[in-house]
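First residue of the sequence shown? That's 44 in the numbering used here, and the numbers climb one at a time after it. All C-beta atoms, glycine included, are put in the ideal place defined by N, C-alpha and C.
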Amino acid sequence: MGLVMQKERKIFKLLSLGIAFIGIPLLLWFLGDFPKRSLLMDSLSLLTILAFSLLLAQFFLARTNRGLVKKVKMSYVLKIHKFIGYVFISVIMLHPFFIIVPKFLDDAVSPKDAFIRLITTFNTIGLVFGLVAYTVMLVIMVTSFFRFKLHLKYKTWRTFHAYLTVVFIVAATWHVITLGRHSNSAFTMFYVIAGACGIFYLLRTYLVKPTRKTIKNV
Numbered sequence: 044m045g046l047v048m049q050k051e052r053k054i055f056k057l058l059s060l061g062i063a064f065i066g067i068p069l070l071l072w073f074l075g076d077f078p079k080r081s082l083l084m085d086s087l088s089l090l091t092i093l094a095f096s097l098l099l100a101q102f103f104l105a106r107t108n109r110g111l112v113k114k115v116k117m118s119y120v121l122k123i124h125k126f127i128g129y130v131f132i133s134v135i136m137l138h139p140f141f142i143i144v145p146k147f148l149d150d151a152v153s154p155k156d157a158f159i160r161l162i163t164t165f166n167t168i169g170l171v172f173g174l175v176a177y178t179v180m181l182v183i184m185v186t187s188f189f190r191f192k193l194h195l196k197y198k199t200w201r202t203f204h205a206y207l208t209v210v211f212i213v214a215a216t217w218h219v220i221t222l223g224r225h226s227n228s229a230f231t232m233f234y235v236i237a238g239a240c241g242i243f244y245l246l247r248t249y250l251v252k253p254t255r256k257t258i259k260n261v
């Protein structure tokens, strides 16, 4: 009976995160009065929105979420964290190409011109933050993949990873809110609340001196 209840609690914890970071963005998407585009463009937009939302969820799929790691083994949480990180950072890395590739089907702007404009336009703060976020994201992915070759202590690397994540989330959220085609007031509120809560959890974990009850990594 105890094992069944424990399993149900694990499922409930993970399901609640799924509803928050997949269900809510989908709901906001379908309820939003956004201009209709081609199926390809809308599919790429929705994929990007869900990818960014799940990267926000990374704050809550780590030791920062003490309530979760009390119910679910830390090793299992880390497996989910790594899977989401590698898969959906890869999706976000393709985001600029999601903008460029459809230009092959559009005669208004050539893919080459769209790419040059994308990487050389600095007249809006949103684009600058987008480039900052993209650069930091690459650093996060490379340092995560080659962590064991960096010869850093785990605690040092973890702290470095955490603060880079804060920089990425702040820059990426600013970029999304200011330039995102689907960033209405509802999406903006969702991104800001999720990001702020995640950063609070992270800073609480790394700045507040841990007590004896703090859960250790396994």
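Quick one: give me the first and last residue of the alpha helix (DSSP H) that residue i is part of.
i: Phe141; result: His138 to Ile143
Between which residues of its own chain and residue i is the CB-CB distance below 6 angstroms, once the five residues before and five after are set aside?
i: Ser96; result: Phe64 and Pro68
i: Thr221; result: Gly169
i: Tyr244; result: Phe102 and Thr107
i: Leu87; result: Phe141
i: Gly61; result: none
i: Val175; result: Ala214
i: His138; result: Thr91
Identify whether residue i lies in helix, strand or coil by the three-state DSSP scheme.
i: Lys196; result: coil
i: His225; result: coil
i: Val251; result: coil
i: Pro78; result: coil
i: His167; result: With the sequence shown as reference, residue 167 is identified as Thr, and His is not the correct amino acid for it. Three-state result, Thr167: coil.
i: Phe233; result: helix
i: Phe126; result: helix
i: Phe189; result: coil
Taking 7 angstroms as the CB-CB limit, is residue i close to chain D?
i: Thr167; result: Annotation note: the requested chain D is absent from the structure, which comprises a single protein chain.
Excluding the 5 residues preceding and the 5 following residue i in the sequence, name in chain order all residues of the same chain whose CB lies nearer than 8 angstroms to its CB.
i: Asp85; result: Lys79
i: Met136; result: Tyr177, Met180, Leu181 and Met184
i: Val134; result: Leu90, Thr91 and Ala94
Spatial neighbours of residue i within its chain, please: C-beta separation below 7 angstroms, excluding the five flanking residues on both sides.
i: Phe172; result: Ala214, Trp217 and His218
i: Ser226; result: Val219 and Ile220
i: Ala237; result: Leu99
i: Leu207; result: Val179, Val182 and Ile183
Would you call the region 72 to 80 in contact with the region 113 to 125, where contact means no fewer than 3 C-beta pairs closer than 8 angstroms?
no
Alpha helix (DSSP H) segments (min. 4 residues) lying fully within the region 55 to 115:
67 to 74, 82 to 100 and 109 to 114
Cβ contact (3+ pairs, closer than 8 angstroms) linking the region 211 to 228 and the region 171 to 185
yes
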